[in-house]
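Chemist: Handing you this structure, nothing more for now.
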Amino acid sequence: MNPSLETQTPVVALASPPGVSALAVIRLSGKGSHELAFDLLRIKSCASLEDLTKRYTKLLRCEVLSTPQQLTPKTSLQTSSQDRSQVVEVIDDGMCVFFKSPCSYTAEDSLEVYVHGGPYVVSRCLEVFTAHGFRAALPGEFTYRAFVHGKIDLTAAEGIQALTGAYCEHEWQAASYLVSGKLAEHIKALRTQMVKARAWLEASMDFPEEDDTSHIGIKELSQSVAHIKQSLINLSSTFRSGQVASEGFKVVLCGRANAGKSTLLNVLSQSDRSIVTDIEGTTRDYLDCVVMISGRKFRFFDTAGLRMPDQNIGLVERRGIEKTLELIQTADVVCLLVPAQDASPISIEPFFEAYGVSLTKNKAKQIRIISQSDKTSSLPHWHKKDDIALACPPSTPRGEKRVGESVLKKKLLALMDKTMHDITDTIYITKPRHLAACQLAIRALDMLEAKITERAYEEILAEDLKSAFMHLGSIIGEVSSDDILDVIFKDFCLGK
């Protein structure tokens, strides 16, 4: 999505998935789109544009024509090889519905055309529209236009994008929450409180001797700032639950080479996602795979085997191990696989020091899995009560339960449910940019509180308050940059 793209030209895109289908939806929007489209659609119930104005939001029978009616009144259902441009072909017989600005998704004049879903029919229709006044829409452009015209805020746009890709109830819940505008309302309420505080500060600067400003006082300002900051701290604390709801529970599989990580990923995904051999180091980079367990979304990461840098490892293997350590930092759960035949288990922490990677304070739960337990007659002497013994022999038919598999899944589900507090009736954030904006706003308010204690001038206090105000505005799009818009809209599908 190009945020600087002008939004005056009418655009068109296929809004349904490409390929063979019973029906296809073509979406058109922009200034003049009704006039342009009406000339390419023969609507039997509407003889003129004036008739059309009485039929907005009504489903209308139409024929999609190859050439504007006003240019070539002659009509034929046959293709003329001699002079096709002078003949109006009926490409398809379908339905259409027109929407009048601002009562449309984009807040512009727009329409949708429903035709048969054959690839040729769809491509011909799109060719006709783009040849007669419409530009092919970019991914996310319809939603971008809705944002530009004030129909939605940025959080709602993020929710719409998430709704189109939701695979489970938690994803749907998180996306619907953003679309509902609850987060935007909360942010706007906090900004309103900031506006009141700024108004007092600016009044104090302009009228320092006036009685109607002096009665509020610094004490009240401090209380207001403390309340806003605590609200932002509480909001920031919801990020982990919100991110899990919107993106899934992140589980990193780690351990030494040939510990059984790739085999476990294949078992959980019920596919040959990872290459499994007796040769060490087949996984140099990480592999990720989405797995649904009891209707919940998990993201499993198969990582490079952990080895110390003094074990004659190459540059590629070293980088793979460093990526493993980076993934562990952001995981919700770390599954450490230790083969049952190993004399002693490894731990993760020494590898961070050995590779010079800073170990941040991560709340990720560690689960130790005693892998390859089918190769020994008993559990190793170092096993503990919470360890999960797992046997995944390659000869086990796909789909058949492995020893320990159900225990691992139950434990992962319990941990996810514990992380996922009941957020149905809670204000929460789901995106890293939301968290970053909240943290920047909190930092600005921290500086403001320190300067209030130092009895700084109102002009200095007002600047910190303004900074916090702008950071919060970036969440809902009141203050935004082209880079932020590009990140948000680039992953949209065409026609949305």
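Here the sequence shown is numbered in this note's numbering, starting from 4 and rising by one per residue.
A virtual CB, placed ideally from N, CA and C, is assigned to each residue, including glycine.
In this text, all values refer to a predicted model and were calculated from it rather than measured experimentally.
1. Can you grab the Cα-Cα spacing for the pair Gly168 / Ala50, in whole Å?
2. How do the stretch 169-188 and the stretch 144-153 stand: do at least 3 beta-carbon pairs fall below 8 Å, yes or no?
3. According to DSSP, Ser113 sits in a beta bridge with which residue or residues?
4. Going by CA-CA distance only, name the one from Phe492, Asp494, Ile351, Leu318 that's closest to Gly258.
5. Counting Cβ pairs, one atom from each stretch, are 3 or more of them under 8 Å apart for the stretch 240-256 and the stretch 303-312?
6. Could you check where the alpha helix (DSSP H) with Ile479 kicks off and where it finishes?
7. Thinking just about the alpha-carbon of each residue, which of Leu330, Gln226, Gly153 is nearest to the one in Leu290?
8. Out of Gly120, Val67, Lys469, which has the shortest C-alpha to C-alpha gap to Lys47?
9. If Leu26 and His37 are in contact, beta carbons under 8 Å, what's the gap, nearest whole angstrom?
10. Please confirm whether any heavy atom of the ligand SAM lies closer than 7 Å to the CB of Cys395.
11. Does chain C have any CB closer than 8 Å to the CB of Asn269?
12. Mind checking whether Ile1 and Lys191 have CB atoms under 8 Å apart?
13. In the DSSP assignment, find the unbroken beta strand (DSSP E) run with Ile296 in it and report its ends.
14. Could you check which residue in Gln164, Ile370, Gln176, Phe495 has the C-alpha nearest to that of Lys387?
15. If I measure Cβ to Cβ from Lys232 and keep anything under 7 Å in the same chain, skipping five residues before and after, which residues do I get?
16. What residues are listed by DSSP as bridge partners for Val337?
17. Would you report the Cα separation of Val124 and His152, rounded to the nearest angstrom?
18. Kindly indicate which three-state DSSP category Ala187 falls into: helix, strand or coil?
19. Whose C-alpha, out of Ala343, Leu204, Leu31, is nearest the C-alpha of Ile467?
20. Are Met295 and Cys171 touching if we call contact CB-CB under 8 Å?
21. What did DSSP end up calling Ala16 once you bin it into helix, strand or coil?
22. According to DSSP, what are the bridge partners of Val3?
23. To the nearest angstrom, report how far apart Asp54 and Leu43 are at their CA atoms.
24. State the CB to CB distance for the pair Leu393 and Ser374, rounded to an integer number of angstroms; the pair is presumed to be in contact (CB under 8 Å).
25. What are the boundary residues of the alpha helix (DSSP H) that Phe145 is part of?
26. Under three-state DSSP, which class holds Gly120?
27. Would Leu166 and Ser179 be called neighbours here (beta carbons separated by less than 8 Å)?
28. Helix, strand or coil for Ile391? Go by DSSP, reduced to three states.
29. Quick one: give me the first and last residue of the alpha helix (DSSP H) that Lys413 is part of.
30. Give me whichever residues DSSP pairs with Asp305 in a beta bridge.
31. When you compare only the Cα positions, how much space is there between Lys154 and Leu416?
32. Closest to Phe137 by C-alpha separation, out of Ser32, Ala200, Phe102, would be which residue?
33. Can you tell me whether DSSP reads Pro435 as helix, strand or coil?
34. Does the Cβ of Glu223 have 16 or more other Cβ atoms within 10 Å, making it buried, or fewer, making it exposed?
35. On the criterion of 16 or more Cβ atoms from any shown chain inside 10 Å, does Asp389 qualify as buried, or is it exposed?
36. Distance check for Ile29 and Thr195, CA to CA, integer angstroms please.
Modeler: Let me lay it out:
1. 40 Å
2. no
3. Ser32, Phe102
4. Ile351
5. yes
6. 461-479
7. Leu330
8. Val67
9. At roughly 22 Å, the Cβ-Cβ gap does not stay under 8 Å, so Leu26 and His37 are not in contact.
10. Ligands in the displayed structure: none, and consequently the ligand SAM is not present.
11. In the displayed structure, chain C is absent; only one protein chain is listed.
12. Past the edges of the chain, shown from 4 to 499, lies residue 1, and the structure says nothing about it.
13. 290-296
14. Ile370
15. Ile445, Leu448
16. Val255, Gln369
17. 32 Å
18. helix
19. In the sequence on display, residue 467 carries Asp and not Ile. Among Ala343, Leu204, Leu31, the Cα nearest to that of Asp467 is on Leu204.
20. yes
21. strand
22. Because the chain in this structure spans residues 4 to 499, residue 3 falls outside the shown range and cannot be described.
23. 16 Å
24. 5 Å
25. 144-151
26. strand
27. yes
28. strand
29. 408-422
30. Leu256, Leu290
31. 38 Å
32. Ser32
33. helix
34. exposed
35. exposed
36. 41 Å
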